[in-house]
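Residue numbering for the sequence shown follows the numbering used here, beginning at 1 and increasing consecutively.
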Amino acid sequence: MSGLTVHAGHNHRGDLDLETDVLVVGSGASGAVVARTMAEAGFRVLVLEEGPYIPALTHGAFRPSESLRYAWRGGGMTVAFGLGDTPAINVTMGRVVGGSSVLTGGVCFRIPGHILHTWRKERGLTEFTEERLEPYYAEVEKNLHVEEVPASMRSRSTQLFCEGCSKSGFEAKPMRRNTDGCNGCGRCNFGCPEAAKMSVDISYLPQAAAHGAEIWSDCLVERVTMRGDRAVGVEGRVLNGPAGKPGGKLVVRARRVVLAAGAAHTPLLLHRSFVSGVSGQVGKNVTVHPSFRVIARFKESVQGWKGSLQSAYVDAFEAEKLTFTSLFIPTSVLAATMPGVGPAHTEKARDVSRLAIFGGLIHDEGGGRIWQNPFGREPILTYRMDKRDRASIPRLIRIMGKAFFAAGAEEIFMPILGAEGVTKDAFESFPLEDVKAPFIECSSQHPLGSCRMGKTREHSVVDTFGKVWDTRELYVADGGIVPTSLGVNPQISIMTLATHVAHNLRETKLLG
1 MSGLTVHAGH
11 NHRGDLDLET
21 DVLVVGSGAS
31 GAVVARTMAE
41 AGFRVLVLEE
51 GPYIPALTHG
61 AFRPSESLRY
71 AWRGGGMTVA
81 FGLGDTPAIN
91 VTMGRVVGGS
101 SVLTGGVCFR
111 IPGHILHTWR
121 KERGLTEFTE
131 ERLEPYYAEV
141 EKNLHVEEVP
151 ASMRSRSTQL
161 FCEGCSKSGF
171 EAKPMRRNTD
181 GCNGCGRCNF
191 GCPEAAKMSV
201 DISYLPQAAA
211 HGAEIWSDCL
221 VERVTMRGDR
231 AVGVEGRVLN
241 GPAGKPGGKL
251 VVRARRVVLA
261 AGAAHTPLLL
271 HRSFVSGVSG
281 QVGKNVTVHP
291 SFRVIARFKE
301 SVQGWKGSLQ
311 SAYVDAFEAE
321 KLTFTSLFIP
331 TSVLAATMPG
341 VGPAHTEKAR
351 DVSRLAIFGG
361 LIHDEGGGRI
371 WQNPFGREPI
381 LTYRMDKRDR
391 ASIPRLIRIM
401 GKAFFAAGAE
411 EIFMPILGAE
421 GVTKDAFESF
431 PLEDVKAPFI
441 ECSSQHPLGS
451 CRMGKTREHS
461 VVDTFGKVWD
471 TRELYVADGG
481 IVPTSLGVNP
491 QISIMTLATH
501 VAHNLRETKL
511 LG
């Protein structure tokens, strides 16, 4: 594992004034790709990250609650407010060197072929074929050490769901993940304590630093500095004040600015910099892959925390825009989510070793929006589900419940706030269609599309190489540029598109 040197902004005293060729705002999956590519090409590269730097091998020293505090944005409590008949959605994002790649399960899917077909036929993005993207896929997958999870690494929780799938008439498939030496401890979402998950703080950023890139943590970028239509740097604050609050002034002069702050925060930077374009699309068209979990209680001891956190998926319902993936939750968190209070809750929490979990997501339409918050620096997220997506929720829950009961579950716990466990007979007659949106538990780990890529300035925020329309030397490379929902975990998709953007930047001469 390569070491990584990070300049800690919280240790810097006073203001910070820097200069570089290429400034990358954000150190997550996309920002790390751009930083490494440009540094290897000989450019002076500077990466700014709002969050702290947590060395990979120190994650094991943190309890999940501490990881939430230090590495997750908003302590993991960011919410997209549901509009109309839409549940509130808990949106998880990283705020740490390495971004959300530090907190993912390491799932690696390429952009599905039918999605690329849609981009070409409906969006005019003819550049995006499997053949043209293949070298970018290969580059990313090599650097991340993407490998298929062997069946021997499947947790008993996943094994049971897979057995239920087979008995229900469909099959689960092995998943690919970016790991090297995974021991199956199940803590992926809180930072890998063994540095076995090849998040970008372990893979791409050390390579960028080895070629001269400087990485600064604890640096809050507030706006892009524009000189006419040209980006010439950024302004913000160093988080070196009391208790990590904004302190010294941050000024960076750069010949090129690449925004990789994530789909929820890059739109804010564009708005604050008065760069919104003629399309009016900045912060709109947000997709989130609304996700739901079902927990099952078995008679046997499952100990679902033993084994790969995510190792299998089901795409048999792709035509219905549904994808299912294995998962698990640290026992302390899982126990806390069980229904009931007092002794009733305690009794259920004791059963944590007998619980299995699986999750499902909806390949959604773009019903989300990112708004500026008049009362703080964090964005306001709203989301309105497409009617067809909303109608898919009962179907998604029934598929998972059916599989678990086929595998022998005694009862399941549906993603309904406060709902007790139900037996098979009660589940089959349960009126899921009547459950009101405010009572449905929904989460998202995949906000995308807020600065979507397109062929024309009238319908998109950036062109096919990530350049913000009608600007010079201002680019976006994060998940915001993804034109549509993907229907699968987006890590490889985001990094592949960032590689596409970075390779073009490498060949594009900097303005003087």
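Where a beta carbon is used, it is the ideal one built from N, C-alpha and C, also for glycine.
Next on the checklist: Can you tell me where the beta strand (DSSP E) holding Tyr-383 begins and where it ends?
Outcome noted: As a first step, residue 383 must be located in the sequence shown, where it is residue number 383. 380 to 383 is the span of the beta strand (DSSP E), which, as asked, contains Tyr-383.
Item to check | Asn-143 to Ile-492 span [Cα, whole Å] | outcome: Along the sequence shown, one-based indexing puts residue 143 at 143. Along the sequence shown, one-based indexing puts residue 492 at 492. Whole-angstrom Cα-Cα distance: 11 Å.
Checklist entry - In angstroms, rounded to a whole number, what distance separates the CA positions of Pro-483 and Asp-425? => result Within the sequence shown, the letter at position 483 stands for residue 483. Within the sequence shown, the letter at position 425 stands for residue 425. Whole-angstrom Cα-Cα distance: 43 Å.
Item to check | Collapsed DSSP secondary structure at Ser-166 in the structure displayed | outcome: The residue labelled residue 166 in the question sits at position 166 within the sequence shown. DSSP places Ser-166 in helix when its eight states are reduced to three.
Next on the checklist: For Asn-504, list the residues DSSP reports as bridge partners.
Outcome noted: What you label residue 504 is simply residue 504 of the sequence shown in a count that begins at 1. Per DSSP, none; premise fails for Asn-504.
Item to check | As assigned by DSSP and simplified to three states, the class of Pro-64 | outcome: Start at 1 with the first residue of the sequence shown, and residue 64 comes out as number 64. Here DSSP, grouped into helix, strand and coil, assigns Pro-64 to helix.
Item to check | Where the beta strand (DSSP E) containing Leu-220 begins and where it ends | outcome: As a position in the sequence shown, residue 220 is number 220, starting the count at 1. From DSSP, the beta strand (DSSP E) with Leu-220 extends over 219 to 227.
Checklist entry - DSSP beta-bridge partners for Val-258? => result Taking the first residue of the sequence shown as position 1, residue 258 is located at position 258. Paired residue(s): Val-24, Tyr-475.
Checklist entry - Using the C-alpha atoms, what's the distance from Arg-255 back to Ile-494? => result The residue you call residue 494 lines up with position 494 of the sequence shown. The residue you call residue 255 lines up with position 255 of the sequence shown. Each residue's Cα considered, the two are about 24 Å apart.
Next on the checklist: I need the straight-line Cα distance from Pro-174 to Pro-267, nearest angstrom please.
Outcome noted: Taking the sequence shown and counting its residues from 1, one reaches residue 174 at position 174. Taking the sequence shown and counting its residues from 1, one reaches residue 267 at position 267. Answer to the nearest angstrom: the Cα atoms are 36 Å apart.
Item to check | Extent of the continuous beta strand (DSSP E) to which Ser-308 belongs | outcome: Within the sequence shown, the letter at position 308 stands for residue 308. Per DSSP, Ser-308 lies in no beta strand (DSSP E) and is assigned neither H nor E.
Item to check | Coil, strand or helix - Ser-450 by DSSP | outcome: Here residue 450 refers to the residue found at position 450 when the sequence shown is read from its first residue. In this structure, Ser-450 counts as coil in the three-state DSSP scheme.
Next on the checklist: So, at 6 Å on beta carbons, what are the nonlocal neighbours of Phe-445 in its own chain, with the 5 sequence-adjacent residues on each side left out?
Outcome noted: Within the sequence shown, the letter at position 445 stands for residue 445. This sequence places Gln at residue 445; Phe is not what is there. Leaving aside the five residues that flank Gln-445 on each side, the residues in its chain whose CB is nearer than 6 Å to its CB run, in chain order, Thr-92.
Checklist entry - In chain order, which continuous runs of the alpha helix (DSSP H) of length 4 or greater are located wholly inside the region 261 to 327? => result As far as the region 261 to 327 is concerned, its whole alpha helix (DSSP H) runs of at least 4 residues are 266 to 272.
Next on the checklist: I'd like to know whether the C-beta atoms of Ile-440 and Val-294 end up nearer to each other than 7 Å.
Outcome noted: Taking the first residue of the sequence shown as position 1, residue 440 is located at position 440. Taking the first residue of the sequence shown as position 1, residue 294 is located at position 294. For Ile-440 and Val-294, no; Cβs fall outside 7 Å.
Checklist entry - When every heavy atom of the ligand FAD is checked, does at least one fall within less than 6 Å of the C-beta of Ser-27? => result The model on display carries no ligand, and the ligand FAD is accordingly not part of it.
Next on the checklist: Looking at the secondary structure, which residues open and close the beta strand (DSSP E) in which Leu-48 lies?
Outcome noted: Residue numbering aside, residue 48 sits at position 48 when the sequence shown is read from its first letter. Start and end: 45 to 48.
Checklist entry - Where does Met-1 land, buried or exposed, given buried means 16+ other C-beta within 10 angstroms? => result Within the sequence shown, residue 1 is the residue found at index 1, counting from 1. Unreliable placement is indicated for Met-1, whose pLDDT of 45 sits below 50; no coordinate value is reported for it.
Checklist entry - Within this structure, are the beta carbons of Val-476 and Leu-259 separated by less than 7 Å? => result On the sequence shown, position 476 is the one that residue 476 refers to. On the sequence shown, position 259 is the one that residue 259 refers to. Yes.
Item to check | Collapsed DSSP secondary structure at Ile-397 in the structure displayed | outcome: As a first step, residue 397 is located in the sequence shown; it is residue number 397 there, counting from the start. Ile-397 sits in a helix when the DSSP states are folded into three classes.
Next on the checklist: Applying the 10 Å Cβ sphere with the 16-neighbour rule, what's the burial state of Arg-384?
Outcome noted: Counted from its first residue, the sequence shown places residue 384 at position 384. Buried is the label assigned to Arg-384, since at least 16 other Cβ atoms lie within 10 Å of its Cβ.
Checklist entry - Taking the runs of the alpha helix (DSSP H) that are 4 residues or longer, which of them lie wholly in the region 333 to 374? => result With a minimum length of 4 residues, the continuous alpha helix (DSSP H) runs that stay inside the region 333 to 374 are 342 to 349.
Checklist entry - For Asn-90, which beta-bridge partners are listed by DSSP? => result Reading the sequence shown from its first residue, position 90 is the one you call residue 90. Per DSSP, Val-79, Ser-443.
Checklist entry - Using a Cβ-Cβ cut-off of 8 Å (strictly less than) and excluding sequence neighbours within five positions of Leu-432, which residues of its own chain qualify? => result Numbered from 1 along the sequence shown, position 432 holds the residue referred to as residue 432. Same-chain partners within the cutoff: Ile-393, Pro-394, Ile-397, Arg-398, Met-414.
Checklist entry - Can you tell which of Lys-306, Phe-292, Leu-381, Cys-108 has its C-alpha closest to the C-alpha of Met-198? => result Mapped onto the sequence shown, residue 198 falls at position 198. Nearest to Met-198 by C-alpha distance, out of Lys-306, Phe-292, Leu-381, Cys-108, is Cys-108.
Next on the checklist: Less than 7 Å between the beta carbons of Gln-207 and Arg-36, yes or no?
Outcome noted: As a first step, residue 207 must be located in the sequence shown, where it is residue number 207. As a first step, residue 36 must be located in the sequence shown, where it is residue number 36. A contact, by the Cβ cut-off of 7 Å.
Checklist entry - Cα separation between Asp-15 and Arg-44? => result The residue labelled residue 15 in the question sits at position 15 within the sequence shown. The residue labelled residue 44 in the question sits at position 44 within the sequence shown. Put simply, the backbone Cα of Asp-15 is about 21 Å away from that of Arg-44.
Item to check | Backbone secondary structure at Glu-130 - three-state DSSP | outcome: Along the sequence shown, read from residue 1 onward, the residue named residue 130 stands at position 130. In this structure, Glu-130 counts as helix in the three-state DSSP scheme.
Checklist entry - Between the C-alpha atoms of Pro-374 and Ser-276, what's the straight-line distance to the nearest angstrom? => result What you label residue 374 is simply residue 374 of the sequence shown in a count that begins at 1. What you label residue 276 is simply residue 276 of the sequence shown in a count that begins at 1. Distance between the alpha carbons of Pro-374 and Ser-276 is about 18 Å.
Checklist entry - Residue range of the beta strand (DSSP E) that Phe-427 falls in? => result Counting from 1 along the sequence shown, the entry for residue 427 is found at position 427. No beta strand (DSSP E) contains Phe-427, which is instead part of the alpha helix (DSSP H) from 424 to 428.
Checklist entry - Roughly how many angstroms separate the alpha carbons of Tyr-136 and Leu-239, rounded to a whole number? => result On the sequence shown, position 136 is the one that residue 136 refers to. On the sequence shown, position 239 is the one that residue 239 refers to. If you take the alpha carbons of Tyr-136 and Leu-239, they lie about 35 Å apart.
Item to check | Minimum C-alpha distance to Arg-69 - residue among Val-96, Asn-90, Glu-49, Val-47 | outcome: Translated into the one-based positions of the sequence shown, residue 69 becomes position 69. Looking at the Cα atoms, Val-96 is the closest of the given residues.
Checklist entry - Can you tell which of Val-22, Val-200, Leu-4, Thr-287 has its C-alpha closest to the C-alpha of Lys-577? => result With the chain represented from 1 up to 512, any question about residue 577 goes unanswered, as that position is not in the structure.
Next on the checklist: Tell me which residue opens and which closes the alpha helix (DSSP H) that Gly-84 is part of.
Outcome noted: Locating residue 84 in the sequence shown gives position 84, counting from the first residue. Here Gly-84 belongs to no alpha helix (DSSP H), and DSSP marks it neither H nor E.
Checklist entry - Rounded to whole angstroms, how far is the Cβ of Phe-298 from the Cβ of Gly-164, which I believe are closer than 8 Å? => result Here residue 298 corresponds to residue number 298 of the sequence shown, with the count starting at 1. Here residue 164 corresponds to residue number 164 of the sequence shown, with the count starting at 1. That belief does not hold up - the Cβ atoms of Phe-298 and Gly-164 are roughly 11 Å apart, past 8 Å.
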